[in-house]
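Under UniProt numbering, the first residue of the sequence shown is numbered 1, with each subsequent residue one higher. Worksheet: one structure, shown below.
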Amino acid sequence: MRQDGSEDWAEQRRQAIAARALAEQRRREAEHEQARELVAAFTAQARERGLRQTRLRALAYNGRSRYRTRLTGWYLDLARVHAVDAAGNFYLLTVPTSLRARLTGATPAPQPPKLVVGEGGPDGQSIPLAALLRKRLDAGDRWPEPAASPSGGPP
């Protein structure tokens, strides 16, 4: 061990970094749990109000193609990228471009929801999850349906 205390300092630094990482992980887990509760409440209210569910489609990363999925639920935004399925799972409906997905459909995985949707994206594209869910509930079945999907076919 060196006399100047550099090893002690390095160990203290490692411990501080580990403690900060653990605190950040716990904060994220608490945020995801709170967001999951909001999504579960949305699902219950949507069912209670009789909101029509729709077959969800995934958008390719290139933004030009939409793929069928086996999911049924509610789109949350006009871009049809964020959705909640009938089981109350939150989805970011973007997937890699794929010939296989074009033929057989895409299988997006549920994502842990965040309290702010679009956080870290371009200005004006983030919205608190609670506000987005409330907006979708308030729209009811009048939720806008686009004329055609980006791939040129029916939505």
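We put the beta carbon where it would ideally sit given N, CA and C, even for glycine. Note that the coordinates shown come from a computational prediction; the quantities given were computed from them, not determined experimentally.
message: Our contact map puts Thr94 next to Tyr67 with C-beta atoms below 8 Å; I'd like the distance itself, whole angstroms only.
response: That belief does not hold up - the Cβ atoms of Thr94 and Tyr67 are roughly 10 Å apart, past 8 Å.
task: Spatial neighbours of Pro110 within its chain, please: CB distance less than 7 Å, with the 5 preceding and 5 following residues excluded, ordered by chain position.
output: Asn89, Phe90, Tyr91
message: For Lys135, count the other beta carbons within 10 Å of its own beta carbon; 16 or more makes it buried, fewer makes it exposed. Which is it?
response: exposed
- prompt: What is the DSSP secondary structure of Arg80, counted as helix, strand or coil?
  reply: coil
field: Beta bridge counterpart(s) of Pro128 as assigned by DSSP
entry: Val116
Per-residue burial, Asp141 [other beta carbons within 10 Å of its own, 16 or more giving buried]: exposed
task: Using a threshold of 8 Å, state whether the C-beta atoms of Thr72 and Ala86 are closer than that.
output: yes
message: With a threshold of 8 Å, are at least 3 pairs of Cβ atoms found where one atom belongs to the region 11 to 30 and the other to the region 98 to 105?
response: no
Close Cβ partners of Ser126 (< 7 Å) along its chain, the five nearest in sequence each way excluded: Val116, Val117, Gly118, Glu119
- prompt: Under 8 Å between the Cβ atoms of Val39 and Val84?
  reply: yes
- prompt: Hey, out of Leu56, Glu29, Ala35, whose CA is closest to Ala106's CA?
  reply: Leu56
- request: Measure the beta-carbon distance from residue 156 to Leu132 and round it to whole angstroms, keeping in mind my assumption that it falls under 8 Å.
  value: The structure shown has nothing for residue 156, since the chain only spans 1 to 155.
query: Could you give the distance in angstroms between the alpha-carbon of Phe42 and the alpha-carbon of Arg28?
result: 21 Å
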